[in-house]
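A short worksheet on the structure shown next.
Chains as they are written, first to last, in the working numbering: chain A, 2 to 246; chain B, 439 to 693.
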C-alpha cells in the first residue's frame, strides 16, 4: 500500500443539528419542561463523500445555509459528524473567523504570540515568524499598542497576517478574502497564490466567484446539504450561475 | 492526547500568563490581590474565632495561614475552572485546539499563584518562631496530589457546566460547605472521634492536614492516608479525562 496522498477524506458523512425551540439551560427549566422540550433534528449535511488531494485548491460554493461553513467546521474538528468519518492528513489551520482569541488589553505583538499559539505554534516558531507577520500586516507603528486601540481594519489585518503565516499544510478559509482595503486584499490574494504554488492544500468557502475562479482549480457545489456538482472550477461556477444566478 | 497537548504547549503557556495577568488587569494592586485575599481572610478568622471557640491552638494565625492558603488554591481552581469552557465559548466555536488546555491552564495558573503564596506561609513560619524541619521535603508531593485532584475535578465540572449551567452555582455552594467540612479553621483532632470518618471522606482533609503536618507541626505527614488520597486523585483525574473527552465533542454546539 502506498501512503495516501489525500489531505482530507470525507466518507459517508452526515451531520445533524439539534433544533430546540427553547433550550433548557438550567436545571429548573429542565425539570419544569421535562417532557415538553421539543427536540428536532435537522440534517445539515447528508452523505458527503469528498477526497481532497494534497496540493489541491478547492472552492466550496453554494447559497446561504447550504452547509458549506458547517462542512468547513467539521474539517477543522470544531464540531464532529453525526455519522461517518472525516480524516485530515497534515498540519491544519482554519481561518473561520479572524482574531479568535485576541485579548483587547494586550499589545499587538503579544496577541501575535497568543493567536499563533492557538494555531499550535511553539515560541521559537513564532519568534522566527514574528517579523514577517508584522511586516505583512503593515502595523509596525502600532504593534506595541494595545489591540483595543486598533481600528477594525487594523484588527483584521493583524489577524489575517498571523493566520496566513502559520505555514500549515492545509488551509481552510471561510469568506474572509474581503479583508481590509484594496491594497491589502491584493496582497492577501498574492500570498494565497504563493501558498498554492508551494503545494499547500487550500479549501475556500466564498461567494466572490470571480476571485475563487482565479485561485482554485476545483469547485464543489453544495446544495441543500448535498454535493450537487464536483469538478473543474469553471464548469462548476458556470453551472451554479445557471441555476442560482 | 498527551502528545497533542505537548504540541500546543505554547498555547498553554500564554493561557496561563493570560489567566494570571488578565485577572486583575486594571485593579490598583494587581496580582497582589491573590495574596491580600487569603491574608484578609486569615485576619477575619483570627479575630473572630478565638472569641467564639475555646481556642487552645498555639500560634493560631500561623496555623490558619498554613490551611487557608492551600484552601484558596483549591477554591480558585474549582470555582474558576468550572466555567472556563463556558467563558471561552467564543474561541471554542472558532478555532480548533485541544480543549483540555482550558482546564489545565486554570489549574496551572492557580498553582503558580499558590507557589508564590507559599512565601507568605514561610514568612509566618519564620516570624512566629516555628521555623522549618526536614519534613518540608514532603511538600512537593502534597502539592502534586492536590494538583492532580483539582485537575480531575475541574475536567469533570467544566465539561458538565456546558450542558447544565447550574453546575457552577451548585459547585460554588458545595465548595463553601466543604470549607467547614475541612480542617482549615480547626484541627482535625478537635473533631469528635465518632464522626471522624466523615471528615476523612473528604480528600481535602488529608491534603490540608498534610500541609499542616510538614509546615506547622514539623512532623511526618500521614503517608498512608496521603497515599490513599493520591490513588483517589489519580482515579478522579482518569475519570475526568474520560468524561471531558466524551463531552468535548458537543462543546462548540452547546456553548
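We put the CB at the ideal spot given by N, CA and C, even for glycine. All figures in this text were calculated on a predicted structure; none of them were measured in a lab.
Residue interval of the alpha helix (DSSP H) (run including residue i)
i                      : result
residue 162 of chain A : 153-165
residue 110 of chain A : 109-119
residue 574 of chain B : No alpha helix (DSSP H) holds residue 574 of chain B; DSSP gives it neither H nor E.
residue 667 of chain B : 661-685
residue 216 of chain A : 210-216
residue 196 of chain A : 183-198
residue 124 of chain A : 124-138
residue 510 of chain B : 498-520
residue 648 of chain B : 641-649
residue 174 of chain A : Run containing residue 174 of chain A: none in the alpha helix (DSSP H); it sits in the beta strand (DSSP E), 171-175.
residue 546 of chain B : 539-565
residue 472 of chain B : 471-490
Inter-residue spacing [alpha-carbon to alpha-carbon] between residue i and residue j
i                      : j                      : result
residue 644 of chain B : residue 673 of chain B : 16 Å
residue 675 of chain B : residue 540 of chain B : 15 Å
residue 498 of chain B : residue 484 of chain B : 7 Å
residue 2 of chain A   : residue 59 of chain A  : Any reading at residue 2 of chain A must be qualified, since the residue scores a pLDDT of 38, below 50, and its modelled position is unreliable; the value itself is stated next. Cα-Cα distance, rounded: 26 Å.
residue 85 of chain A  : residue 680 of chain B : 22 Å
residue 27 of chain A  : residue 33 of chain A  : 10 Å
residue 143 of chain A : residue 112 of chain A : 12 Å
residue 151 of chain A : residue 544 of chain B : 29 Å
residue 454 of chain B : residue 569 of chain B : 32 Å
residue 532 of chain B : residue 650 of chain B : 45 Å
residue 611 of chain B : residue 566 of chain B : 34 Å
residue 8 of chain A   : residue 131 of chain A : 27 Å
residue 690 of chain B : residue 80 of chain A  : 6 Å
residue 456 of chain B : residue 618 of chain B : 32 Å
residue 479 of chain B : residue 458 of chain B : 21 Å
Cβ neighbours of residue i in the same chain (closer than 7 Å, five flanking residues each side left out)
i                      : result
residue 605 of chain B : 520, 595, 598 and 599
residue 524 of chain B : 599, 600 and 693
residue 527 of chain B : 693
residue 102 of chain A : 115, 116 and 119
residue 473 of chain B : 555 and 558
Beta-carbon spacing of residue i, residue j below 8 Å
i                      : j                      : result
residue 170 of chain A : residue 202 of chain A : yes
residue 516 of chain B : residue 591 of chain B : yes
residue 20 of chain A  : residue 42 of chain A  : yes
residue 62 of chain A  : residue 232 of chain A : no
residue 212 of chain A : residue 190 of chain A : yes
residue 542 of chain B : residue 450 of chain B : yes
residue 667 of chain B : residue 573 of chain B : no
residue 562 of chain B : residue 506 of chain B : no
residue 90 of chain A  : residue 133 of chain A : no
residue 16 of chain A  : residue 83 of chain A  : yes
residue 622 of chain B : residue 646 of chain B : yes
residue 67 of chain A  : residue 173 of chain A : no
residue 48 of chain A  : residue 13 of chain A  : yes
residue 78 of chain A  : residue 444 of chain B : no
residue 158 of chain A : residue 105 of chain A : no
residue 488 of chain B : residue 576 of chain B : no
residue 138 of chain A : residue 162 of chain A : yes
residue 616 of chain B : residue 640 of chain B : yes
residue 164 of chain A : residue 99 of chain A  : yes
residue 187 of chain A : residue 214 of chain A : no
residue 583 of chain B : residue 671 of chain B : yes
residue 123 of chain A : residue 447 of chain B : yes
residue 389 of chain B : residue 549 of chain B : No statement about residue 389 of chain B is possible, as the shown extent of chain B runs from 439 to 693 and does not include it.
residue 399 of chain B : residue 656 of chain B : The first residue shown for chain B is 439 and the last is 693, placing residue 399 of chain B beyond what the model contains.
residue 147 of chain A : residue 185 of chain A : no
Cβ-based neighbour list, residue i, same chain, cut-off 6 Å, excluding 5 preceding and 5 following
i                      : result
residue 682 of chain B : 593 and 597
residue 69 of chain A  : 61, 63, 206 and 223
residue 51 of chain A  : 11
residue 629 of chain B : 637
residue 18 of chain A  : 43 and 45
residue 227 of chain A : 47
residue 237 of chain A : 220, 222 and 230
Residue span of the beta strand (DSSP E) that contains residue i, given as start and end
i                      : result
residue 40 of chain A  : 40-54
residue 86 of chain A  : 84-89
residue 203 of chain A : 202-206
residue 239 of chain A : Residue 239 of chain A -> not in any beta strand (DSSP E); alpha helix (DSSP H) instead, spanning 234-245.
residue 219 of chain A : 219-224
residue 60 of chain A  : 58-62
residue 71 of chain A  : Where residue 71 of chain A is concerned, there is no enclosing beta strand (DSSP E), although the alpha helix (DSSP H) it sits in stretches over 69-76.
residue 93 of chain A  : 93-96
Interface flag, residue i vs chain D, CB-CB below 8 Å
i                      : result
residue 122 of chain A : In the displayed structure, chain D is absent; the protein chains listed are A and B.
Own chain partners of residue i with C-beta closer than 8 Å, once the 5 adjacent residues on each side are dropped
i                      : result
residue 245 of chain A : 64
TODO: Name, going along the chain, the residues of the stretch 88-115 of chain A whose beta-carbon falls closer than 7 Å to a beta-carbon of chain B.
DONE: 95, 97, 98, 101, 102, 104, 106, 114 and 115
Task: Contacting positions in the stretch 509-534 of chain B - beta carbon closer than 8 Å to chain A - done: 528, 529, 530, 531, 532, 533 and 534
TODO: Scan the stretch 74-89 of chain A for residues whose Cβ lies nearer than 9 Å to a Cβ of chain B and list them as they occur along the chain.
DONE: 74, 77, 78, 79, 80 and 81
Open item on the list: Using a Cβ-Cβ cutoff of 8 Å, what residues of the stretch 193-219 of chain A are near chain B? List them in chain order.
Closed with: none
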